[in-house]
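Engineer: Could you have a look at this structure, given as structure tokens, before my questions?
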Ligand code: ADP
Ligand code: MG
């Protein structure tokens with residue numbers, strides 16, 4: 001093996017150390033969850049983050065003082081024992097109030113940080129590449145490290161993800177079948193790629209049929225670098241090449257990491273040639289992953305490429321319903337609809353919001369209501385208030401009443417066009433922060449008094465005519481989601 005350690009510097013070193021802690025932490029979390037149960041875990045422990053280790057003490061973070069005190073009181077000793085079992089040098093656990101860095105494996109920290117108060121996603125547990133993956137015992141070991149929450153049963157299927165789901169199921173049933181190797185899953189953040197990969201892994205391991213190795217591309221790189229440093233690249237390669245199914249998550253991470261890419265390419269070829277299954281995920285399709293070597297991109301696109309689309313309202317509702325039911329907390333349909341309308345970015349955020357509601361309900365023993373929801377989630381909701389533009393409003397309204405877009409600024413005064421135009425003005429006032437004169441200008445340089453008149457007129461009509469009011473409401477909701 002040749003090779004400089006591309007990108008290997010102090011940051012990488014620190015990341016590597018953090019990655020190691022994360023692996024231990026993931027195991028501890030899985031343990032804790034098994035011990036205390038899903039609901040209790042989600043309520044009290046899920047938001048914990050891992051901090052630094054100093055001498056014999058590790059710091060863990062919790063987002064509020066209350067949670068910190070509670071966790072210290074209820075779980076302090078257990079946490080200490082679990083850490084000590086993982087890393088014997090650790091003898092004490094320090095709990096602090098702070099939103100610690102996310103402890104999860106694949107770039108979820110960024111998501112958590114952009115919405116600081118959203119619960120930090122529970123760490124994703126990784127399967128290590130195991131030395132002798134072909135023995136039955138090892139296979140059963142491999143089952144443990146996959147996140148037990150991410151199964152096909154807990155994956156809610158809808159239009160945007162049904163194809164990817166079907167492909168994943170197919171690979172889990174019959175790995176390495178022609179046409180499905182490699183399976184390349186792609187889609188935006190938080191839409192279920194990692195979930196599906198873990199589901200494939202869990203399914204295969206459950207059946208005890210094959211050995212599975214799942215890791216993020218980042219971890220692949222880290223292991224590779226570590227192998228170079230310890231001069232054990234041969235072992236590294238052999239380990240990788242001895243598995244039946246290799247899954248690499250978030251492949252886009254390898255862009256610009258030429259040596260690691262090269263290594264992955266060889267591993268890939270060796271496995272596929274030996275009739276083993278590869279599953280890869282990325283945020284873009286193979287052809288759009290510029291920065292990956294051409295030959296790798298070509299090979300990645302040779303099997304089955306399945307994309308996961310952005311969620312629809314229906315899918316968001318189904319997911320929320322499934323998760324609410326699983327939690328055992330009664331969440332009214334009204335609240336679920338509200339969330340599905342408001343939080344449209346991705347499933348991870350949707351889930352985070354619901355989890356927070358559930359935690360609150362459990363914490364204070366109060367029923368979940370719409371008011372409570374708005375209160376508990378005000379920060380997430382604010383961040384998700386999408387900025388609608390006047391142009392968008394004009395377009396949607398014109399489409400709805402089947403008039404030309406240019407009529408939004410034309411001088412025509414017949415009701416057929418004037419009414420939709422008034423609605424568009426009304427919605428612009430409601431949904432944007434534009435001033436009345438600004439709105440007037442966008443509608444063919446009309447005066448702000450025209451806008452005032454339009455707003456008033458639409459409100460009157462909405463009172464008089466329920467069908468009209470429903471139309472306007474529908475438009476508003478469409479524009480908001
Ligand atoms: P990605 O890897 O695409 O960024 P993840 O697989 O990590 O996304 O999904 C983010 C979160 O959303 C996970 O907790 C996952 O379980 C959940 N999730 C995503 N899609 C679905 C779905 N269709 N049904 C149930 N949960 C889902
Ligand atoms: Mg992922």
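Numbering (full-length UniProt numbering), first residue to last: 1 to 481.
The beta carbon of each residue, even a glycine, is placed where N, CA and C say it ideally should be.
Treat the numbers as computed from the prediction; the structure is a model and nothing was measured.
Which first and last residues belong to the beta strand (DSSP E) in which residue 453 is found?
Structural biologist: Taking the first residue of the chain shown as position 1, residue 453 is located at position 453. First-last for residue 453: 448-464, but that is the alpha helix (DSSP H), not the beta strand (DSSP E).
Engineer: Using DSSP with H/G/I as helix, E/B as strand and the rest coil, what is residue 147?
Structural biologist: Here residue 147 corresponds to residue number 147 of the chain shown, with the count starting at 1. Residue 147 falls in the coil class under three-state DSSP.
Engineer: Given 6 Å as the limit, tell me if residue 311 has its C-beta closer than that to any heavy atom belonging to the ligand MG.
Structural biologist: If you number the chain shown from 1, residue 311 lands on position 311. No, the beta carbon of residue 311 sits no closer than 6 Å to any heavy atom of the ligand MG.
Engineer: Report buried or exposed for residue 20, applying the criterion of at least 16 other Cβ atoms within 10 angstroms of its Cβ.
Structural biologist: One-based indexing of the chain shown puts residue 20 at position 20. Exposed, because fewer than 16 other Cβ atoms sit within 10 Å of the Cβ of residue 20.
Engineer: In whole angstroms, what separates the C-alpha of residue 338 from that of residue 38?
Structural biologist: Within the chain shown, residue 338 is the residue found at index 338, counting from 1. Within the chain shown, residue 38 is the residue found at index 38, counting from 1. Taking the straight line joining both Cα atoms gives about 25 Å.
Engineer: In or out: residue 42 buried (at least 16 other Cβ within 10 Å) or exposed?
Structural biologist: Locating residue 42 in the chain shown gives position 42, counting from the first residue. Looking at its Cβ environment, which holds 16 or more other Cβ atoms inside 10 Å, residue 42 is buried.
Engineer: Given 6 Å as the limit, tell me if residue 189 has its C-beta closer than that to any heavy atom belonging to the ligand ADP.
Structural biologist: Residue numbering aside, residue 189 sits at position 189 when the chain shown is read from its first letter. Residue 189 Cβ: within cutoff of the ligand ADP.
Engineer: Let me confirm a value: residue 220 is counted as buried when at least 16 other C-beta atoms fall within 10 Å, else exposed. Which label applies?
Structural biologist: One-based indexing of the chain shown puts residue 220 at position 220. Buried: at least 16 other Cβ atoms inside 10 Å.
Engineer: Should residue 171 be listed as close to the ligand ADP, given that the test is whether its C-beta is under 6 Å from any heavy atom?
Structural biologist: As a working note, residue 171 is residue 171 in the chain shown. No, the beta carbon of residue 171 sits no closer than 6 Å to any heavy atom of the ligand ADP.
Engineer: Measuring CB to CB, does residue 308 end up less than 7 Å from residue 181?
Structural biologist: The residue you call residue 308 lines up with position 308 of the chain shown. The residue you call residue 181 lines up with position 181 of the chain shown. Contact flag unset, no.
Engineer: Is the closest heavy atom of the ligand ADP to the C-beta of residue 348 under 6 Å?
Structural biologist: As a first step, residue 348 must be located in the chain shown, where it is residue number 348. At least one heavy atom of the ligand ADP is nearer than 6 Å to the Cβ of residue 348, so yes.
Engineer: Alpha helix (DSSP H) containing residue 59: first to last residue?
Structural biologist: In the chain shown, residue 59 corresponds to position 59, counting from 1. Careful: residue 59 lies outside any alpha helix (DSSP H), inside the beta strand (DSSP E) at 57-62.
Engineer: From which residue to which residue does the alpha helix (DSSP H) around residue 68 run?
Structural biologist: Within the chain shown, numbered from 1, the residue matching residue 68 stands at position 68. 65-86 is the extent of the alpha helix (DSSP H) around residue 68.
Engineer: In three-state terms, what does DSSP make of residue 318?
Structural biologist: For the purposes of this step, residue 318 is taken as the residue at position 318 of the chain shown. Helix, per DSSP.
Engineer: Hey, how far is the Cα of residue 65 from the Cα of residue 254?
Structural biologist: Stepping through the chain shown from its first residue, residue 65 is reached at position 65. Stepping through the chain shown from its first residue, residue 254 is reached at position 254. Roughly 39 Å separates the two Cα atoms.
Engineer: Looking at residue 357 and residue 368, is the spacing between their C-beta atoms short of 7 Å?
Structural biologist: Within the chain shown, the letter at position 368 stands for residue 368. Within the chain shown, the letter at position 357 stands for residue 357. Cβ distance < 7 Å, so residue 368 and residue 357 count as in contact.
Engineer: Taking the beta carbon of residue 112 as the centre, do at least 16 other beta carbons fall within 10 Å, making it buried, or is it exposed?
Structural biologist: Translated into the one-based positions of the chain shown, residue 112 becomes position 112. Because the pLDDT of residue 112 is 34, which lies under 50, any placement of that residue in the model is unreliable, and the question is left without a value.
Engineer: Whose CA, out of 420, 326 and 275, lies closest to the CA of residue 242?
Structural biologist: In the chain shown, residue 242 corresponds to position 242, counting from 1. Nearest option by C-alpha distance: 275.
Engineer: Going by the CB atoms, is the gap between residue 172 and residue 200 shorter than 7 Å?
Structural biologist: Your numbering for residue 200 matches position 200 in the chain shown. Your numbering for residue 172 matches position 172 in the chain shown. Yes.
Engineer: Could you tell me which of 151, 18 and 75 sits nearest to residue 40, measuring between CA atoms?
Structural biologist: Position 40 of the chain shown, counting from 1, holds the residue named residue 40. Ranking 151, 18 and 75 by Cα distance to residue 40 puts 75 first.
Engineer: For residue 322, which of 310, 340 and 271 has the nearest alpha-carbon?
Structural biologist: On the chain shown, residue 322 is found 322 positions in, with the first residue counted as 1. For the residues 310, 340 and 271, the minimum Cα distance to residue 322 belongs to 340.
Engineer: Please state the DSSP three-state secondary structure of residue 207.
Structural biologist: Numbered from its first residue, the chain shown carries residue 207 at position 207. Note: residue 207 maps to coil in three-state DSSP.
Engineer: Are the segment 312-327 and the segment 287-302 touching by the rule of at least three beta carbon pairs closer than 8 Å?
Structural biologist: No: the two stretches stay apart, fewer than three of their Cβ pairs being nearer than 8 Å.
Engineer: Smallest Cα separation from residue 370: which of 333, 45 and 399?
Structural biologist: Within the chain shown, residue 370 is the residue found at index 370, counting from 1. That would be 333, whose Cα lies nearest to the Cα of residue 370.
Engineer: Identify which residue in 352, 312, 283 and 344 has its Cα closest to the Cα of residue 324.
Structural biologist: As a working note, residue 324 is residue 324 in the chain shown. Of the listed residues, the one whose Cα sits closest to residue 324 is 352.
Engineer: Using a Cβ distance threshold of 8 Å, determine whether the segment 410-426 contacts the segment 448-467, with at least three qualifying pairs required.
Structural biologist: Cβ pair count under 8 Å is three or more, so yes.
Engineer: Does the separation of the CB atoms of residue 440 and residue 446 fall below 7 Å?
Structural biologist: Walking along the chain shown from the start, residue 440 turns up at place 440. Walking along the chain shown from the start, residue 446 turns up at place 446. Yes; because the gap between Cβ atoms is below 7 Å, this pair is in contact.
Engineer: Do residue 244 and residue 281 have their CB atoms nearer than 7 Å?
Structural biologist: Stepping through the chain shown from its first residue, residue 244 is reached at position 244. Stepping through the chain shown from its first residue, residue 281 is reached at position 281. In this structure, residue 281 does not lie closer than 7 Å to residue 244 by Cβ.
Engineer: Could you tell me which uninterrupted alpha helix (DSSP H) segments, each at least 4 residues in length, are contained entirely in the segment 383-421, listed from first to last along the chain?
Structural biologist: Runs found: 390-401.
Engineer: Cα-Cα, which of 271, 29, 156 and 90 is closest to residue 54?
Structural biologist: Within the chain shown, the letter at position 54 stands for residue 54. Nearest of 271, 29, 156 and 90 to residue 54, Cα basis: 90.
Engineer: Classify residue 171 as helix, strand or coil using the three-state DSSP reduction.
Structural biologist: Translated into positions along the chain shown, residue 171 becomes position 171. DSSP places residue 171 in helix when its eight states are reduced to three.
Engineer: Measuring straight from C-alpha to C-alpha, what distance separates residue 452 and residue 436?
Structural biologist: Residue 452 sits at position 452 when you count from the first residue of the chain shown. Residue 436 sits at position 436 when you count from the first residue of the chain shown. In a straight line, the C-alpha of residue 452 is about 7 Å away from that of residue 436.
Engineer: Going by Cα to Cα distance, which pick from 229, 187, 465 and 86 is closest to residue 23?
Structural biologist: Working through the chain shown from its first residue, we reach residue 23 at position 23. Looking at the Cα atoms, 86 is the closest of the given residues.
Engineer: Report the rounded CA-to-CA distance for residue 143 versus residue 206, giving the unit in angstroms.
Structural biologist: What you label residue 143 is simply residue 143 of the chain shown in a count that begins at 1. What you label residue 206 is simply residue 206 of the chain shown in a count that begins at 1. With a pLDDT of 28 at residue 143, under the threshold of 50, the predicted position of this residue should be treated as unreliable, and no value is reported.
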